[in-house]
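Counting in full-length UniProt numbering, the sequence shown runs from 1 upward without gaps.
All residues carry an ideal CB built from backbone N, CA and C; glycine is no exception.
Keep in mind it's a predicted model, so treat the numbers as computed, not measured.
First comes the structure, then the notes that go with it.
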Amino acid sequence: MSNDVRIRPAEGGLKGRLTLPGDKSISHRVGFFGALSSEGITAENFSSGADCASTLRCLELAGCLVERIGDKVRVRRGMNPGEIKAPLDAGNSGTTARLLCGLLAGTPGVFAVITGDESLRKRPMGRVVSPLRTLGARIDGPGGGAYLPLSIRGGCLSGGTFELPMASAQVKTALILAGLNAHGSVTVVEPAKSRDHSERLLRHIGVPLRQEDNRITVYPCSDLPGCSIRVPGDFSSAAFWITGALIVPGSDIVLENVGINPTRTGFLECLKKMGASIEIEEKESAGGEPVGNIRVRYSELEGIEVEKDAIPTMIDELPLLALIATQAHGVTKITHAEELRVKESDRISSMAKGLRALGADVEELEDGFFITGPTPLGGGCVESSKDHRIAMTFSIAALAAQDEIIVKDAQCVGISYPEFFDHLSMLSEGVKDLEYKR
Ligand code: S3P
């Protein structure tokens, strides 16, 4: 069976209301911080994606107690597993692999091997391995620990201070997890603020931590308090529909109960500067995270130059911004985004190739793109590079295109958003008979 999907332009625009599945980043953290709590963390609306399922599977193999009923998940500390015989397979998930390093490095008596799929085995791991080694972690792997598979022998860790060369919430959280298990405090300083879900969840459950601008300190804590939370809708999943609504004439949609943590919503700020019609109705916050309903209507947009410090706050939405830029008037400049080259695919190259194949005017830079618009998008066949966000971005491009688009290997959407094509059919009349099998 083909895993390619054929999508026709959305006639009349995107219409309706949608509730998004739970946020992927927060769901991972429910698992990892639950693993350090004997009472455990319980979460409703846990992410339905394969990445968070990888986290739960690995944590179970690492001795944690995991209960899952529908979208409700409870994770708590179990017995120390000692030597774990089966490899911990993080699948496609960078967050799972990197946070496992932070968790296991400080668990004495544990031996584990962490691996992943073909894409994950090419992604850089030195960024977590090097600082963890400074704390005393025993981790090894190909290239001196630069890549998976990594072997970890857990032990006692000391405290320390790290100035990260890049803003990365995964590296920061790996070090926070190590710090909670260490014998001294751990301080992480980032060059710009990355998503702060870990800090918010820890504060919500009452764990002391110190935070000043981009500098955060955690202290050893032998048993985290437990809690129950409801995971807000995933902003990065909502971003696909925000994009579709902005670029398909006639659109008017409402996305309900979406996480609107300001360290994640740089995309909205950028779009507003471009002239987008976006209204936010704030709702009651959940688990220390702000939540809101987002109304988006089709808008005429102007090109923009994205500011350097905004890049980490919209890192996963940059492929969508590149698509939007093809429909905006003038030049959009996205730079300082070299991190995109080490995501699930090289997202600068995947987007530049795919958008050009559809007729867009894209100049590829080492650290981003210059995109000149507006250009009509033609039909055709585009590669997803087996990258969930690229597959979904080109599926949204198809809604605004002049002819149908085939997206290759589209089953990878299940990594973060298995309901994506069902939701696409719900919001767009034009794609009711979508040919797609999960
Ligand atoms: C994530 C952090 C980001 C992001 C990824 C999820 C997280 O990665 O791209 O999708 O949950 O911490 P980096 O930390 O590598 O920037």
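query	result
Heavy atom of the ligand S3P within 7 angstroms of S25 beta-carbon	yes
A390 beta carbon near the ligand S3P (any heavy atom closer than 7 angstroms)	It is Ile, not Ala, that sits at residue 390 in the sequence shown. No, the ligand S3P has no heavy atom inside 7 angstroms of this Cβ.
The stretch 287 to 298 contacting the stretch 315 to 334, beta-carbon criterion three pairs below 8 angstroms	no
Nearest-angstrom Cβ-Cβ length linking P220 and L268, presumed shorter than 8 angstroms	At roughly 37 angstroms, the Cβ-Cβ gap does not stay under 8 angstroms, so P220 and L268 are not in contact.
Classification of E199 by the beta-carbon crowding that lies within 10 angstroms, buried from 16 upward	buried
Contact between the stretch 113 to 131 and the stretch 34 to 47 (3+ Cβ pairs under 8 angstroms)	no
Cβ neighbour criterion (16 or more within 10 Å) applied to P262	exposed
Heavy atom of the ligand S3P within 7 angstroms of H28 beta-carbon	yes
Best match in Y147, T95, A137, A53 for proximity to L157 [C-alpha to C-alpha]	A137
Beta-carbon proximity of V258 to F240, cut-off 8 angstroms	no
DSSP three-state assignment for I84, whether helix, strand or coil	coil
Helix, strand or coil at M1 [DSSP, three-state]	With a pLDDT of 48 at M1, under the threshold of 50, the modelled position of that residue is not reliable, and no figure is offered here.
Given S38 as reference, the closest of I315, E363, P225, T375 once Cα atoms are compared	P225
Assumed close pair I415, D89 - CB separation to whole angstroms, cut-off 8 angstroms	Actually they are not in contact, since the Cβ atoms of I415 and D89 sit about 14 angstroms apart, beyond 8 angstroms.
One or two residues paired with I114 in a DSSP bridge	L88, L150
The ligand S3P heavy atom lying under 7 angstroms from the CB of R77	no
Segments assigned beta strand (DSSP E), at least 3 residues, entirely inside the stretch 306 to 368	330 to 334, 361 to 365
Three-state secondary structure (DSSP) of L20	coil
Whole-angstrom distance between Q211 and G168, CA atom to CA atom	The amino acid occupying residue 168 in the given sequence is Ser; Gly does not appear at that position. If I take the Cα positions, the gap works out to 16 angstroms.
heavy atom of the ligand S3P below 7 angstroms from R195 C-beta	yes
For L65: DSSP bridge partner residues	R76
Cβ pair count under 8 angstroms reaching 3, the stretch 282 to 291 against the stretch 360 to 380	no
V75 versus G126 - alpha carbon distance	28 angstroms
Close-in-space but distant-in-sequence residues of the same chain around I406 (CB under 6 angstroms, 5 per side omitted)	D4, R6, C381
Inter-stretch contact (C-beta, 8 angstroms, three-pair minimum) for the stretch 387 to 402 and the stretch 9 to 23	yes
D316 classed as buried or exposed, judged by whether at least 16 other C-beta atoms fall within 10 angstroms	buried
Backbone secondary structure at D140 - three-state DSSP	strand
Exposure label - S228; buried when at least 16 CB within 10 Å	exposed
For L246, the nearest candidate out of R230, G275, S222 (CA to CA)	G275
Contact test: D316 Cβ vs the ligand S3P heavy atom, cutoff 7 angstroms	yes
Whole beta strand (DSSP E) elements within the stretch 240 to 293, 3-residue minimum	252 to 259, 277 to 282
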